[in-house]
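Numbering (full-length UniProt numbering), first residue to last: 1 to 498.
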């Protein structure tokens with residue numbers, strides 16, 4: 001097993017000897033997705049409009065579900081499979097930028113995924129707007145070498161195109177017919193005035209792309225944007241959290257129904273329930289939360305895995321006499337969200353010693369310091385070595401470095417850490433911070449996208465037996481040595497009891 005970021009700077013990718021071969025996989029005419037381009041932000045405007053003028057996701061989802069039911073899908077939205085008692089599958093989240101951030105994950109994903117039965121994409125299959133015309137470059141081409149079905153749950157970006165691209169590719173559904181016009185000058189009227197409408201599919205280009213994943217073993221059909229799958233001794237349930245992170249009443253009733261029974265279960269969701277030292281229980285329209293269902297002993301959930309936030313985090317939360325693993329797996333192919341802004345973890349009774357994240361906070365701070373140094377042309381001031389960054393994390397958060405370091409914390413390192421959002425020591429506030437999280441995440445944090453190794457991407461492999469579930473998080477740094485042998489960043493074993 002190669003060293004991981006917890007073992008050495010080389011394991012983190014800081015001493016990358018040779019860039020990976022993934023660059024040869026990127027289409028020659030593909031452009032790096034720029035989130036600072038006004039055109040990109042304008043295309044993704046539906047997020048802002050949904051927050052200002054009301055979110056139409058629940059109504060649109062209900063229309064998709066009615067249409068799928070009329071087409072004869074399973075009443076329980078079940079994906080029929082015939083998996084053995086022991087098998088493996090993959091999970092990766094927030095994949096679809098269509099540039100180096102995504103393609104850098106592909107070689108390691110294919111290597112670790114060899115022999116697995118299927119994969120699941122947890123959130124944001126396609127950036128920036130889920131358009132059906134972005135699927136050739138952002139889905140079919142990168143995963144043409146994965147010889148098993150791929151299922152998905154949509155993220156907020158997949159909804160920016162009305163979910164039309166997602167439903168066409170994963171469910172074989174035709175576009176919805178236009179709905180009625182809202183009352184003039186109502187909130188819905190103003191929303192519709194600026195709303196980005198779904199794109200018309202380029203049928204020729206889409207058919208050519210679909211041929212890239214047309215082998216019998218690659219074919220997958222799912223009944224809708226949410227679904228349930230019985231796979232060997234495990235039940236896997238995927239939910240659609242729309243744009244704003246909740247689910248509608250009908251989906252809530254369905255989730256309560258398919259969650260019953262002693263069979264061990266995993267929840268796959270477009271929004272994580274625990275993330276950044278906070279609980280987001282996912283409200284259900286009409287009352288209740290998704291997390292209440294996950295915690296119910298009668299439902300026997302062993303893990304809840306969500307995308308949306310572009311890194312890896314794990315919170316082993318004790319619920320009664322058992323532990324539920326809440327995991328963020330959003331490092332599958334988009335810009336990186338910061339981990340160094342996560343305070344010392346206490347949420348849900350989880351201690352900092354039990355918490356896991358990738359990239360490590362020190363590596364993340366070093367990454368951001370170098371990126372801002374380049375972007376602001378202030379390298380001599382901003383750039384911190386990985387040892388300096390780990391030392392300042394230890395001073396401010398009391399988290400010892402995972403790798404040996406002899407760096408000292410200088411005044412410059414303290415200022416840079418404060419500017420880049422490292423939580424201050426108790427009882428102190430940092431008045432000036434550069435935009436790394438919060439509002440910046442929603443609108444401008446993707447400016448931190450970088451296509452230079454180390455890239456700090458990740459994906460999961462899950463190995464199932466009748467007695468246990470093994471979950472491993474592997475890294476994709478963009479370095480050739482890590483394509484050949486992806487570093488293992490986290491591993492856990494869950495006992496499956498009935």
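Idealized CB from N, CA, C, for every residue including glycine.
Residues of its chain near residue i, where Cβ-Cβ distance is below 6 Å and the 5 sequence neighbours each way are ignored
{"i": "residue 58", "result": "248"}
{"i": "residue 235", "result": "263, 265"}
{"i": "residue 470", "result": "463, 493"}
{"i": "residue 304", "result": "267, 273, 294, 326"}
{"i": "residue 390", "result": "362, 401, 405"}
{"i": "residue 6", "result": "402"}
{"i": "residue 407", "result": "387, 388, 391"}
{"i": "residue 466", "result": "85, 233"}
{"i": "residue 439", "result": "Per-residue confidence for residue 439 stands at a pLDDT of 40, beneath the threshold of 50, marking its modelled position as unreliable; the derived number appears in the next sentence. Cβ within range, chain order: n/a, list empty."}
{"i": "residue 209", "result": "136, 140"}
{"i": "residue 441", "result": "Note that residue 441 scores a pLDDT of 42, beneath 50, so its modelled location is shaky; the value from the coordinates is reported in the next line. Taken in chain order, the list of residues that qualify is empty."}
{"i": "residue 87", "result": "117, 232, 464"}
{"i": "residue 161", "result": "129, 130, 131, 198"}
{"i": "residue 497", "result": "none"}
{"i": "residue 175", "result": "164"}
{"i": "residue 506", "result": "Since the first residue of the chain shown is 1 and the last is 498, residue 506 is not available in this structure."}
{"i": "residue 93", "result": "122, 123, 307, 329, 330, 332"}
Spatial neighbours of residue i in its chain, beta-carbon cut-off 7 Å, leaving aside the 5 residues before and after
{"i": "residue 256", "result": "293"}
{"i": "residue 159", "result": "57, 130, 242, 243"}
{"i": "residue 505", "result": "Examination of residue 505 is not possible in this model, given that the chain is present from 1 through 498 alone."}
{"i": "residue 201", "result": "132, 133, 168"}
{"i": "residue 1", "result": "488"}
{"i": "residue 484", "result": "none"}
{"i": "residue 112", "result": "461, 474, 486"}
{"i": "residue 45", "result": "194, 196"}
{"i": "residue 187", "result": "53, 54"}
{"i": "residue 288", "result": "252"}
Beta-carbon gap between residue i and residue j smaller than 8 Å
{"i": "residue 311", "j": "residue 328", "result": "yes"}
{"i": "residue 242", "j": "residue 272", "result": "no"}
{"i": "residue 77", "j": "residue 120", "result": "no"}
{"i": "residue 500", "j": "residue 403", "result": "What is shown of the chain runs 1 to 498, which leaves residue 500 out entirely."}
{"i": "residue 123", "j": "residue 331", "result": "no"}
{"i": "residue 366", "j": "residue 386", "result": "yes"}
{"i": "residue 463", "j": "residue 232", "result": "no"}
{"i": "residue 165", "j": "residue 482", "result": "no"}
{"i": "residue 340", "j": "residue 368", "result": "yes"}
{"i": "residue 114", "j": "residue 20", "result": "no"}
{"i": "residue 53", "j": "residue 213", "result": "no"}
{"i": "residue 220", "j": "residue 151", "result": "yes"}
{"i": "residue 182", "j": "residue 68", "result": "no"}
{"i": "residue 11", "j": "residue 478", "result": "no"}
{"i": "residue 157", "j": "residue 178", "result": "no"}
{"i": "residue 229", "j": "residue 81", "result": "yes"}
{"i": "residue 275", "j": "residue 309", "result": "yes"}
Residue i at chain C interface by Cβ criterion, 8 Å
{"i": "residue 198", "result": "In the structure shown, chain C cannot be found, because there is only a single protein chain."}
Integer Cβ distance of residue i from residue j, believed to fall under 8 Å
{"i": "residue 490", "j": "residue 358", "result": "7 Å"}
{"i": "residue 348", "j": "residue 397", "result": "Contact doesn't hold; Cβ gap of about 18 Å is too wide."}
{"i": "residue 227", "j": "residue 126", "result": "At roughly 18 Å, the Cβ-Cβ gap does not stay under 8 Å, so residue 227 and residue 126 are not in contact."}
{"i": "residue 281", "j": "residue 290", "result": "6 Å"}
{"i": "residue 245", "j": "residue 284", "result": "Not a contact, Cβ separation roughly 11 Å."}
{"i": "residue 155", "j": "residue 270", "result": "4 Å"}
Residues near residue i by beta carbon distance below 8 Å, same chain, minus five either side
{"i": "residue 61", "result": "163, 225, 240, 242, 248, 251"}
{"i": "residue 106", "result": "22, 25, 142, 143, 145"}
{"i": "residue 102", "result": "95, 96, 138, 142, 332, 333, 334"}
{"i": "residue 295", "result": "301, 319, 324"}
{"i": "residue 343", "result": "277, 397, 423"}
{"i": "residue 217", "result": "147, 148, 149"}
{"i": "residue 286", "result": "249, 252"}
{"i": "residue 49", "result": "191, 194, 195"}
{"i": "residue 110", "result": "145, 146"}
{"i": "residue 455", "result": "13, 100, 101, 104, 336, 476, 477, 478"}
{"i": "residue 17", "result": "479, 480, 481"}
{"i": "residue 215", "result": "147"}
{"i": "residue 205", "result": "133, 136"}
{"i": "residue 184", "result": "none"}
Legend entry - Runs of alpha helix (DSSP H) wholly within the region 273-348 (minimum 4 residues, chain order): Listed in chain order, the alpha helix (DSSP H) runs fully inside the region 273-348 are 290-295, counting runs of at least 4 residues.
Inset, instruction - Could you tell me whether the region 114-132 touches the region 166-185, using the rule of 3 or more Cβ pairs below 8 Å? - result: Taking a cut-off of 8 Å for Cβ pairs, the region 114-132 and the region 166-185 touch, as three or more such pairs fall below it.
Legend entry - Those runs of the alpha helix (DSSP H) which lie wholly inside the region 83-123 and span at least 4 residues: Within the region 83-123, the complete alpha helix (DSSP H) segments of 4 residues or longer fall at 100-103, 106-112, listed in chain order.
Inset, instruction - Please go through the region 376-435 and give each complete alpha helix (DSSP H) segment of 4 or more residues, from N-terminal end onward. - result: The qualifying runs are 379-382, 386-397, 411-419.
Legend entry - Ordered list of alpha helix (DSSP H) runs contained in the region 195-264, each at least 4 residues: Unbroken alpha helix (DSSP H) stretches of 4 residues or longer found wholly inside the region 195-264: 203-210, 249-258, given in chain order.
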